[in-house]
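Take the sequence shown: its letter number 169 is residue 169 in full-length UniProt numbering, and every next letter is one higher. Ideal Cβ placement from N, Cα and C applies to all residues, glycine included.
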Amino acid sequence: MLHWIAYFLCEYNISSQKGGKPNAPICSFMELNNYFHMRNIFLQHGVIVNNLKWLYSDCSKIDKFVTSTLPETEYIISRFGYPKNSICLTGMPRFDALHKIQVISNRILIMPTWRYWFNLKSKQNKNTDNDFETSEYVRCWEELLVSPELERLINKYQLEVIFYPHRNMQNYIKTFE
């Protein structure tokens, strides 16, 4: 219960998820009906390359939108309708210390990202093959992972390959075995 009180009394909601609230439907309803107002700061945690209408300025209630690259910033301003002063171009802070770590030169980390059209809970895109296991996306990753060229490089340079997909894909890891 204390987290609800803290949420309703806060001045800022800083989240990497648009619906970063204790209960998104209830909190959104209360915000839309002006029961309370806080500034919503969206810590966008990747690089947006798709036209995501749910993030448009006129329907998102986002006051400050954090972006990673200049092209992304320009895209968000022109396509999503945010004023320039509501965008904060930060780069990717998670990479700030990237060169301060010890590099293991014979290790390759493969981290496929998630794609919004694989939202298997809602088949919104009826003309799209949303079946993750049979998708072209999975087929392309499988082709890479079992490719003779990758095997040749692994053997030639004695590489260790770590395959670690996005957390939304973790339930489907068996697809890649």
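For residue j and residue i, the rounded distance between their alpha carbons
| i | j | result |
| --- | --- | --- |
| T128 | L9 | Because T128 carries a pLDDT of 48, less than 50, the predicted location of this residue cannot be relied on, and the following value inherits that uncertainty. Cα to Cα, T128 sits roughly 42 Å from L9. |
| F95 | G46 | 12 Å |
| I76 | N51 | 9 Å |
| Y137 | N155 | 26 Å |
| E149 | M1 | 55 Å |
| T175 | K100 | 35 Å |
| I135 | I104 | Checking the displayed sequence, the identity of residue 135 turns out to be Ser instead of Ile. Roughly 33 Å separates the two Cα atoms. |
| L32 | I26 | 10 Å |
| S16 | S147 | 35 Å |
| E151 | R139 | 17 Å |
| E74 | H166 | 26 Å |
| P70 | L145 | The sequence shown places Leu at residue 70, not Pro. Distance between the alpha carbons of L70 and L145: 32 Å. |
| S78 | S68 | 16 Å |
| I14 | N171 | 28 Å |
| E160 | F132 | 27 Å |
| I5 | A24 | 15 Å |
| Q102 | E72 | 30 Å |
| Y35 | L153 | 60 Å |
Cβ-Cβ distance between residue i and residue j below 9 Å
| i | j | result |
| --- | --- | --- |
| Y12 | R39 | yes |
| P22 | H3 | yes |
| I41 | I62 | yes |
| I108 | I162 | yes |
Supposed close pair residue i, residue j - CB separation, criterion 8 Å
| i | j | result |
| --- | --- | --- |
| Y164 | M92 | Not quite, the Cβ-Cβ distance comes to about 18 Å (not below 8 Å), so this is no contact. |
| W114 | M169 | 6 Å |
| K64 | S86 | 6 Å |
6 Å Cβ shell around residue i - same chain, five flanking residues per side excluded
| i | result |
| --- | --- |
| V66 | L43, Q44, C88 and T90 |
| S60 | none |
| W141 | P112 |
| E143 | none |
Sequence-distant residues of its chain with Cβ nearer than 8 Å to residue i (five each side left out)
| i | result |
| --- | --- |
| Q158 | N106 |
Within-9 Å CB hit, residue i to chain B
| i | result |
| --- | --- |
| L159 | Chain labels in this structure do not include chain B; a single protein chain is all it has. |
Contact set for residue i: own chain, Cβ-Cβ below 7 Å, skip 5 residues either direction
| i | result |
| --- | --- |
| G20 | N13 |
Does the segment 79 to 86 touch the segment 52 to 60, meaning 3 or more C-beta pairs lie closer than 8 Å? With a cut-off of 8 Å, the segment 79 to 86 and the segment 52 to 60 count as touching, because enough Cβ pairs lie within range.
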